[in-house]
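The next block holds one structure in the form of structure tokens; read it before the comments.
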Ligand code: UDP
Ligand code: LCN
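In full-length UniProt numbering, the protein residues as written are 1 to 804.
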């Protein structure tokens, strides 16, 4: 394929198209004739390529064409719209960068066009009248983004906080008066009405600067461990309130950092200062979907890693908040409230309980909001009032999760005037091809119009976005990111979003989660091992008889085990792994296979996908005669036992395999790596970033099973002759985790974001307000009407289930 160098300098692709014509006019004409031959349509990249291959059948000629600019263009194309005699391309040369060109199949003339025109061409295929309507509703969030600085390099996407700190620094630099917004911000800090950091005595940057010199002299004379209370009164008179530190030493340090900021701000010192400010105490986290509970919920509808993520996140945030609050010299109790749905028919879980303390925390709770009572569906329920009541004041940060949670978070954050973050590890839009343009057909089942607009609203409303990986935001060289897919899209007949979200906005941040290290710790830490589980795990892995928890058995228990665990969804591809294993004799000779997922009786499932996967598992076990080499274990809910299970697999010198067709992040991957289990994981999605291929584990291509199973077999062959090989990957996986994937790193990053973006929104108040007004209008005039058409299942109370 052509390199970027084939495109001259920094010119756009459109600028280079004339060269393409000169380079291969004959072939281009034939290609374009082929593209327009079938009339109006949308063509995806793989079809563009395959149709080109049918036209240029000589391999050498094809290679020549592909090495030229035409090849480069086709490689960067996401899709093309054919409206004979034209073909209109949407081209993505780099993550986040899009261009649109129109090529005539007749004379190969080329024209760069706008995103608006591109969307209009697309719409023509679905609703020509609407597409031509001058007054069709256009949504353009960029039009009101007049002052926010944006990034320009694809490689900087996801590093928002660093750039916000840089932009802030340059705003405050120059002369001392430029630091006044920072002083005003410090003056606004308080906890439930009690003033923190500064009082009105120090209301200008020059007064503050002078006072900091005095305090430095004073603090230098005190023993380092002098408690803040000992000098609190004097400091108050000078204009300093509490929140600087618990001791003279810490207070001196924090004040010194601020003095440096005032003298000559630089991003590093600025970042240190914001990480010490007492800005966040109370956090509300919305996670409405699924069964949000602490036990017996994993595997229930819509309930997977998201629940694990939030519970671990809360523990990590509370722990970090407690450390920070102590260091700030405060005695405030932080509160974290996870707001979710109350489910009256809770299937034996605690999801019908309104308030539930979160295990492993001191002050955090789950608050469940009723959506339905015995009298029917609730149209309104004032969650804000309940939250304010429980917290005895406003939260300092609201974090939304997924479409519903993020929309609610946006509304509440706006209403209360507080900082907001959004999280969505798997956005729906990229999951279905043409899900926007084809919305009318899909809406009755999926309500995508509501969903994508809600997602776009909250992406714009939020102060910062927490993503787990880069690919979540901006994808990879070839595949657009989940957020990026909201850059521009259209719902013919409803609205055309010419600018939905800009992934170069510095609000995007990557903060990857970790795994609870008290549960998932290395197999080699013998003294910590949960040996009480060993008899049960021994039974689970090696007993000979089938029962309702496991089927299949392992004849040769001396072999290492390759292990996988996931919900039994198609996308998790557990059946794919079973098939790869079944087909690969070499692998079968080397290792046994153990998979955890779903259950065995398809008649017990209500989920179409799951039923199909269960049946497929049975078929594959028969087809490849796997009994004796495979153990299929039903879904497991005890995470402590699961932790020990990963470690027992490591004891066999086995490996974890995550074969998903696509995985947003992949918590099981980091759980396994935390246990010191060498890991093979899909190269489609988050795991491709978690693992450095060939160093801290291995990537496998879920679409190339032979290659994947051979890669696993190679590993076990080498490990058989060289035990150090297995150890190397076990250790390197752990090292990768400790460097990048711990909840401690996560909590630190997120709290720093909370602090930095709270100032940033203050600094850009006018811009924020303008955008908020636009969002509010769009929400009220468009979104709310749209939602009215989404049917509510029934207003009747649910009938009690009568046993037959
Ligand atoms: N899990 C479990 N029992 C199972 C399957 C999965 O406890 O039978 C846990 C697994 O350990 C992990 C989470 O559920 O903590 C799955 O998270 P992941 O990110 O891998 O996938 P998701 O289910 O969120 O798509
Ligand atoms: C949702 C997913 O699909 C997984 O890939 C993630 O690991 C999980 O949430 C937790 O973030």
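All C-beta atoms in this analysis are idealised placements derived from N, C-alpha and C, irrespective of residue type, glycine included.
Residue i, enclosing alpha helix (DSSP H) - first and last residue
i	result
residue 325	305-327
residue 357	First-last for residue 357: 355-357, but that is the beta strand (DSSP E), not the alpha helix (DSSP H).
residue 707	705-721
residue 538	534-542
residue 761	743-763
residue 369	Looking at the DSSP string, residue 369 is not in any alpha helix (DSSP H); the run it does join, the beta strand (DSSP E), is 364-370.
residue 46	45-55
residue 444	439-446
residue 65	59-67
residue 274	267-276
residue 650	639-651
residue 576	574-583
residue 692	No alpha helix (DSSP H) holds residue 692; DSSP gives it neither H nor E.
residue 787	784-788
Residue i: first and last residue of the uninterrupted beta strand (DSSP E) it sits in
i	result
residue 102	97-104
residue 77	77-83
residue 619	Segment 608-623 is the alpha helix (DSSP H) holding residue 619; no beta strand (DSSP E) there.
residue 509	508-510
residue 700	698-700
residue 282	282-286
residue 503	Here residue 503 belongs to no beta strand (DSSP E), and DSSP marks it neither H nor E.
Local conformation of residue i per DSSP, three classes
i	result
residue 233	helix
residue 344	coil
residue 803	Note on residue 803: pLDDT 31, under 50, position unreliable in the model; no value is reported.
residue 530	coil
residue 245	coil
residue 254	helix
residue 92	strand
residue 452	helix
residue 461	helix
residue 7	Unreliable positioning characterises residue 7 in this predicted model, as indicated by a pLDDT of 41, which lies under 50. A coordinate reading is not provided.
residue 71	helix
residue 798	Residue placement at residue 798 is poorly supported in this model, since its pLDDT is 43, which falls under 50; the coordinates still yield a value, given next. Residue 798: coil per DSSP, three-state reduction.
residue 111	strand
residue 567	coil
residue 40	coil
Residue i, buried or exposed, once every other Cβ within 10 Å from all chains shown has been counted against 16
i	result
residue 513	buried
residue 9	Low local confidence applies: a pLDDT of 42 at residue 9 is under 50, so the model's placement there is unreliable, with the coordinate-based value given in what follows. Result: exposed.
residue 25	exposed
residue 333	exposed
residue 777	exposed
residue 606	exposed
residue 695	exposed
residue 335	buried
residue 102	buried
residue 227	exposed
residue 490	buried
residue 747	buried
residue 315	buried
residue 114	exposed
residue 406	buried
residue 263	exposed
residue 644	buried
residue 726	buried
Per DSSP, the bridge partner or partners of residue i
i	result
residue 389	Answer is none; residue 389 lacks a bridge partner.
residue 593	562, 630
residue 663	685
residue 847	Only positions 1 to 804 of the chain appear in the structure, and residue 847 is not among them; the question remains open.
residue 893	Coverage of the chain is limited to positions 1 through 804, which leaves residue 893 absent and any answer about it impossible.
residue 376	373
residue 680	657, 698
Residue-level contact to chain B via CB, residue i, 8 Å cutoff
i	result
residue 761	Among the chains in the structure shown there is no chain B, since it carries only a single protein chain.
*asked:* For a minimum of 4 consecutive residues, which ranges assigned as the alpha helix (DSSP H) are wholly contained in the segment 119-160?
replied: 128-132
*What are the uninterrupted segments assigned as alpha helix (DSSP H) that are 4 or more residues long and contained completely in the segment 164-230, given in chain order?*
180-188, 205-220
*Taking the runs of the beta strand (DSSP E) that are 3 residues or longer, which of them lie wholly in the segment 468-496?*
489-491
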